[in-house]
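**Q**
Numbering (mature numbering (1 follows the signal peptide of the UniProt record, and there is no 0)), first residue to last: -19 to -1, 1 to 655.
(1) Bridge partners of residue 342, per DSSP?
(2) In three-state terms, what does DSSP make of residue 383?
(3) Within a Cβ cutoff of 7 Å, which residues of the same chain sit near residue 572, ignoring the five residues on either side of it in sequence?
(4) With H, G and I counted as helix, E and B as strand and the rest as coil, what does DSSP make of residue 460?
(5) DSSP three-state label for residue 585, please.
(6) Cα separation between residue 519 and residue 559?
(7) Rounding to the nearest angstrom, what Cα-Cα distance links residue 599 and residue 515 in this structure?
(8) Specify the secondary structure class of residue 474 as computed by DSSP and reduced to three states.
(9) Can the beta-carbon of residue 246 be found closer than 8 Å to that of residue 362?
(10) Assuming residue 385 contacts residue 55 under a Cβ cut-off of 8 Å, what Cβ separation, rounded to an integer in Å, is found between them?
(11) Jot down the residue ranges of each uninterrupted beta strand (DSSP E) in the region 203 to 272, minimum 3 residues, whole runs only, in chain order.
(12) Taking residue 90 as the reference, give the member of 326, 563 and 313 with the closest Cα.
(13) Measure the C-alpha to C-alpha separation of residue 36 and residue 311 and round it to an integer number of angstroms.
(14) Please name the residue, chosen from 322, 250, 182 and 190, that lies closest to residue 353 on a Cα-to-Cα basis.
(15) Whole angstroms is fine: what's the gap from residue 522's alpha carbon to residue 495's?
(16) Helix or strand or just coil, what does DSSP make of residue 64?
(17) Measure the beta-carbon distance from residue 470 to residue 538 and round it to whole angstroms, keeping in mind my assumption that it falls under 8 Å.
(18) Which complete alpha helix (DSSP H) runs does the region 282 to 349 hold, if anything under 4 residues is left out?
(19) For residue 576, which beta-bridge partners are listed by DSSP?
(20) Using the C-alpha atoms, what's the distance from residue 254 back to residue 39?
(21) So residue 31 packs on residue 103, CB below 8 Å; how close in whole Å?
(22) Going by C-alpha to C-alpha distance, which of 501, 525 and 467 sits closest to residue 347?
(23) According to DSSP, is residue 152 part of a helix, a strand, or is it coil?
(24) Distance, Cα to Cα, residue 241 vs residue 151?
(25) Where residue 199 and residue 221 are concerned, what is the direct C-alpha to C-alpha distance, given to the nearest angstrom?
(26) If I measure Cβ to Cβ from residue 653 and keep anything under 7 Å in the same chain, skipping five residues before and after, which residues do I get?
(27) Which partner residues does residue 619 have in the DSSP bridge list?
(28) Any idea if residue 595 is buried or exposed, counting beta-carbon neighbours within 10 angstroms, 16 or more meaning buried?
(29) When the distance is taken between beta carbons, is residue 404 closer than 8 Å to residue 509?
(30) Just confirm the distance between the C-beta atoms of residue 318 and residue 141, as a whole number of angstroms; I'd bet it's less than 8 Å.
(31) Contact defined as beta carbons within less than 8 Å: I believe residue 207 pairs with residue 161. What is the distance between those atoms, to the nearest angstrom?
(32) Residue 278 to residue 251, Cα distance in whole Å?
(33) Once DSSP output is grouped into helix, strand and coil, what is the label at residue 640?
(34) Given 8 Å as the limit, is there contact between the region 104 to 124 and the region 5 to 17, that is, 3 or more CB pairs closer than that?
(35) For the structure I just gave you, are there three or more beta carbon pairs, one from the region 286 to 296 and one from the region 125 to 137, closer than 8 Å?
(36) Please say whether residue 239 and residue 365 have beta carbons closer to each other than 8 Å?
Have a look at this one:
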């Protein structure tokens, strides 16, 4: 009997010990809660709240409230840590325990850190004791109390300006009129509501239906000011006229403005309002909100980070009456920085005036420093229309224009035509294939390299010269002379020479620009090599690189790197040193002077007294075959003032086949130099 009692007692103790081992400790309960918190699993967190806490807020509201607060605050890198528990606390048999927590996170307004004593309550159940959290809002943010809300506000930074070399504003934040309507005040001064709205529509060049739809928005009441249209800064007189009508008023606002419009459109680009897709996908979305603008094209896009600045943020608590209580986190707004360019807007406008009725591109450099004076593309558009609104017909017309007015041309690559001949000459001189005074004997108008070209031959314009030196070849733009020079140089040395001029090399330049290329798959035959020597073949150059490639001729053979930022243009940076000897550079300049000054030269007419120009024309034929008579032509002229040496211009005009070829471009460039 005693043995039976002992056995029963032992079994009872085992049962009790087993039951005790199923009990959760307060630390275990907190660790589980912390794991769910770090995962931002508010659904599971709610299940771990005390019954009293759950009576204060439903599960649905709990999950939504705190998910929204974290999302709107931009919470990331959340790290909640349960502190160590003392030995006495572990042994405590109290049904309530205070255990330490530390909370750290990143928000849109910066880092947030705080410590919190979590209160856990023991709850006995069939499967043993568990510990529940006695919840209050200060778990989320230390400053958040009952009956308070969290509010997040942002402060938009002032966008930096884009300035030319003299400090002229190419893009800035202008104070502009914003026209609004107070619906309940539209009648008066002898006018009905409809008469007033019709007059507003006429003055603002808006459809009456569009105005009506703005006034029919759900939030509109008779007393509120409904924004209708933002005007340009030069439309103050119009603002005064329209606000003389009953119920119409002006509230000045700030808007991006481009005072030089079409002349600098492709250079500056424009900004646009951010959309939901941008806010979701962009890496810098935390620096933007729904009211922000972002650079869309041009330098506005290239220098977005610098121009933008940093959004200011404030996370704070508010009472039921929306009164601010305590600041949780705050970062100061940081305004954007100005971007200062080497561009001279007077030169930019002057070149644009020459190109505006054509399709083409032009680049102007200071050939001694490499400073970019102008980057022009035509046809163009007014970037202000993307800010203040487009006329639908005008936008559709430009969108369907085959000459792509919305796309910049100065950074694209094109066949350079005969403007590459000075480079072929430079490579020939550097390799000892030609000398300035050596004459090549050329007979007739065609050359087939003793039949090595098969059925193909290189053609020149005139056979008046049979013995041709470098100066004659440049003046008369003799295709055969330069084709021979390329072939005599050889593919390997010719490619090496072009690479010394920056071909096949990504240009480190402030505006993204196409890399100039020599060929698609190498100069693998003499026909392609010969064609490349006079600018046909597969050679492609950007107007910017073409302009830069002429800088060795007035810099003792050194290729100068083009720059666009004023901070980089204080002194010239040599891109490639000694691409040809100084005497070779001087010889080429003499030939290029002859292109303009000699009556035989392709750039001789029109004669402009007082100009001291050296340059080279080029006609790039865009045709399917040598016999194609319907191909289009791009007319080039690259020129510099060999006396002043203060400006070098490359200009390309598309579709010159019915306008006199490259001579059409020559006149435009000379007009700029006048």
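C-beta: ideal position from N, C-alpha, C; glycine also.
**A** This is what the structure gives:
(1) In DSSP, residue 342 forms a bridge with 358 and 633.
(2) Residue state, collapsed to three classes: coil.
(3) Answer for residue 572: 451, 452, 455 and 456, listed in chain order.
(4) If DSSP states are grouped into helix, strand and coil, residue 460 belongs with the helices.
(5) Under the three-state reduction of DSSP output, residue 585 falls in the coil class, being neither helix nor strand.
(6) Between the alpha carbons of residue 519 and residue 559 lies a distance of about 26 Å.
(7) Straight-line Cα distance between these residues: approximately 9 Å.
(8) Note: residue 474 maps to helix in three-state DSSP.
(9) Taking 8 Å as the Cβ cut-off, residue 246 and residue 362 qualify as a contacting pair.
(10) No, residue 385 and residue 55 are not in contact; Cβ-Cβ is about 40 Å, not under 8 Å.
(11) Qualifying beta strand (DSSP E) stretches, in chain order: 207 to 211, 229 to 231, 234 to 238 and 252 to 254.
(12) Of 326, 563 and 313, the smallest CA-CA separation from residue 90 is found for 313.
(13) Rounded to whole angstroms, residue 36 and residue 311 show a C-alpha spacing of 33 Å.
(14) Considering only 322, 250, 182 and 190, the residue with the shortest C-alpha distance to residue 353 is 322.
(15) Distance from the CA of residue 522 to the CA of residue 495, rounded to the nearest whole angstrom, comes to 8 Å.
(16) In the structure shown, residue 64 adopts coil according to DSSP, grouped into three states.
(17) Not a contact, Cβ separation roughly 17 Å.
(18) Taking 4 residues as the shortest admissible run, the region 282 to 349 contains the following complete alpha helix (DSSP H) segments, listed from N- to C-terminal end: 285 to 289 and 326 to 336.
(19) Its beta-bridge partners do not exist; DSSP assigns none.
(20) Between residue 39 and residue 254, the C-alpha separation is close to 39 Å.
(21) By a beta-carbon distance limit of 8 Å, residue 31 does not contact residue 103. Their separation comes to about 10 Å.
(22) Comparing Cα-Cα distances from residue 347 to each of 501, 525 and 467, the minimum goes to 525.
(23) The three-state reading of DSSP puts residue 152 in strand, counting E and B together.
(24) Inter-residue distance for residue 241 and residue 151 is about 7 Å (C-alpha atoms, whole angstroms).
(25) Whole-angstrom Cα-Cα distance: 29 Å.
(26) Spatial neighbours of residue 653 in its own chain (CB-CB distance under 7 Å, excluding positions within 5 residues in sequence) are listed in chain order as 331, 332, 335 and 630.
(27) BP columns for residue 619 point to 597 and 631.
(28) With a threshold of 16 other beta carbon atoms within 10 Å, residue 595 meets it and is buried.
(29) Judged by beta-carbon spacing, residue 404 lies beyond the 8 Å limit of residue 509, meaning their Cβ atoms are not closer than that value.
(30) About 5 Å separates the beta carbon of residue 318 from that of residue 141, a gap short enough to meet the 8 Å contact definition.
(31) Their Cβ separation, rounded to whole angstroms, is 6 Å, which keeps residue 207 and residue 161 in contact under 8 Å.
(32) Between residue 278 and residue 251, the alpha-carbon positions lie close to 6 Å from each other.
(33) Assigned with DSSP and collapsed to three states, residue 640 falls in coil, not helix or strand.
(34) With a cut-off of 8 Å, the region 5 to 17 and the region 104 to 124 count as touching, because enough Cβ pairs lie within range.
(35) These segments touch.
(36) Yes; because the gap between Cβ atoms is below 8 Å, this pair is in contact.
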